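In our numbering, the protein residues as written are 164 to 571.
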Ligand code: PLP
């Protein structure tokens with residue numbers, strides 16, 4: 164084909180279909196149920212949900228239906244669910260809102276070293292505003308100790324923020340236990356459940372959380388929409404000032420298509436949670452054991468059992484994760500690595516360092532994250548392709564050469 168000529172659409176589509184997408188912790192494809200629910204909200208039910216006329220009331224009806232659905236999926240009351248623009252905004256609102264709303268009581272916040280940057284960078288910013296933050300360490304599996312949380316509480320502690328499941332290594336944290344401690348000590352408890360919602364059972368009462376963040380695009384909903392659960396009576400400041408939307412706590416015209424799509428996707432995910440979970444765990448473990456058996460000098464990162472059903476994270480020694488990703492991409496397989504390449508830095512992931520990996524091991528990490536649309540055939544294909552790529556990369560690796568020849 165001549166340069167610049169257009170590739171026929173059917174061919175482009177079939178190429179795309181051939182690709183194996185195992186980066187579902189980064190984002191997921193919109194599910195058909197979410198798309199179908201959203202479509203009428205663009206050009207038919209397009210009203211401003213805060214307008215009092217019929218067109219607005221139709222939109223309001225859809226928005227409140229979506230709110231009821233989201234609330235039911237996390238065991239909350241509808242009036243405790245606030246729609247946001249995604250996980251990052253929910254985390255920012257929860258942490259800054261709780262910090263400034265309770266400044267008169269104290270200035271101390273407890274979180275962990277392995278939180279998402281939406282939490283960590285927010286806490287770092289708060290430190291510049293005079294707050295004090297304790298960043299708790301985790302064990303080799305990425306588990307936070309509830310006892311450490313309890314020991315860190317002082318009479319100045321106003322907020323504890325611990326994620327439900329880690330986005331890189333998939334470790335599921337003992338949230339209910341931490342929640343009980345927070346409740347007993349009367350400290351507000353926020354949980355970033357962006358990776359957990361739609362993947363494992365989430366119930367705000369069982370977990371004793373006061374605030375919980377979730378994000379639509381992690382469970383086959385649309386991007387740019389999320390929610391923050393705020394328990395009735397929690398003192399949390401308004402984040403976006405302006406109009407009186409979201410009961411006066413979050414200004415801006417409501418994103419009705421986003422909320423409706425997110426609710427439809429979440430309903431589907433929660434209805435199929437158990438069945439999908441079992442299937443994913445079986446594929447996940449086949450991938451993990453297949454990789455560890457076929458490729459020497461590899462290790463699993465994260466907890467072997469207490470981990471998200473779709474999360475695989477391995478360190479492959481003597482190679483660079485970025486090189487591995489590029490080769491996998493050429494082979495039509497999408498995964499992600501543990502180094503912070505998106506930020507333009509080659510620093511290895513803060514999560515992998517926190518679980519004790521040396522820099523060079525953290526550099527050779529690969530995350531494959533599965534969802535219900537992944538297949539056993541795709542797992543077979545990855546297990547066939549990955550060892551070949553690793554072996555080619557190791558042949559070119561001076562680190563591996565030194566190791567094999569006893570110089571490393
Ligand atoms: N928190 C966690 C644990 C995440 O994994 C992510 C996204 O990767 C976020 C927060 C941010 O979510 P969003 O992309 O919706 O802003």
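Heads up, the beta-carbon is just placed ideally off N, CA and C, and yes, glycines get one too. Just so we're clear, the structure is a prediction, and the values are computed from it rather than from any experiment.
Residues near residue i in its chain [Cβ-Cβ closer than 6 Å; skip 5 each side]
i, result
"residue 230", "241, 244"
"residue 359", "327, 328, 365"
"residue 561", "none"
"residue 490", "552"
"residue 419", "204, 212, 222, 225, 226"
Within 7 Å, strictly: CB atoms of residue i and residue j
i, j, result
"residue 247", "residue 391", "yes"
"residue 550", "residue 457", "yes"
"residue 376", "residue 357", "yes"
"residue 272", "residue 351", "no"
"residue 197", "residue 389", "no"
"residue 500", "residue 528", "yes"
"residue 237", "residue 367", "yes"
"residue 274", "residue 286", "yes"
Residue i versus residue j - alpha carbon distance
i, j, result
"residue 470", "residue 515", "15 Å"
"residue 566", "residue 284", "38 Å"
"residue 504", "residue 427", "Its pLDDT being 47, under 50, residue 504 is placed unreliably in this model, and the value from its coordinates should be taken loosely. Each residue's Cα considered, the two are about 33 Å apart."
"residue 494", "residue 548", "8 Å"
"residue 306", "residue 201", "38 Å"
"residue 182", "residue 217", "45 Å"
"residue 412", "residue 370", "24 Å"
"residue 431", "residue 346", "31 Å"
"residue 282", "residue 189", "17 Å"
"residue 293", "residue 536", "46 Å"
"residue 340", "residue 208", "43 Å"
Sequence-distant residues of the same chain with beta carbon closer than 7 Å to residue i, five excluded per side
i, result
"residue 506", "Confidence at residue 506 is low in this model, with a pLDDT of 43, below 50, so the placement of that residue should be treated as unreliable; the coordinate-derived value is given next. Same-chain partners within the cutoff: there are none."
"residue 333", "465, 470, 471, 474, 476"
"residue 344", "309, 312, 313"
"residue 168", "Its pLDDT being 43, under 50, residue 168 is placed unreliably in this model, and the value from its coordinates should be taken loosely. Cβ neighbours of residue 168 beyond the five flanking positions: none."
"residue 533", "185, 187, 443, 446, 447, 473"
"residue 317", "271"
"residue 519", "303"
Element boundaries [alpha helix (DSSP H), containing residue i]
i, result
"residue 209", "That residue, residue 209, is in no alpha helix (DSSP H); it is neither H nor E in DSSP."
"residue 574", "The displayed coordinates of the chain run from 164 to 571. Any statement about residue 574 would go beyond what the structure contains."
"residue 411", "408–411"
"residue 388", "First-last for residue 388: undefined, no H or E at that position."
"residue 253", "250–264"
"residue 402", "Premise fails: residue 402 is in no alpha helix (DSSP H) and is neither H nor E."
"residue 244", "Element bounds for residue 244: not the alpha helix (DSSP H) but the beta strand (DSSP E), 244–247."
"residue 286", "280–291"
"residue 311", "309–315"
Residue i, enclosing beta strand (DSSP E) - first and last residue
i, result
"residue 480", "Where residue 480 is concerned, there is no enclosing beta strand (DSSP E), given that its DSSP letter is neither H nor E."
"residue 323", "320–324"
"residue 295", "295–299"
"residue 226", "Residue 226 -> not in any beta strand (DSSP E); alpha helix (DSSP H) instead, spanning 217–237."
"residue 461", "461–463"
"residue 274", "271–275"
Own chain, CB closer than 8 Å to residue i, minus 5 neighbours either side, in chain order
i, result
"residue 415", "403, 405, 406, 408"
Heavy atom of the ligand PLP within 6 Å of residue i beta-carbon
i, result
"residue 279", "yes"
"residue 355", "yes"
"residue 247", "no"
"residue 476", "no"
"residue 250", "yes"
"residue 411", "no"
"residue 440", "no"
C-beta neighbour in chain D for residue i, strict 7 Å
i, result
"residue 395", "Among the chains of the structure shown, chain D does not appear; only one protein chain is present."
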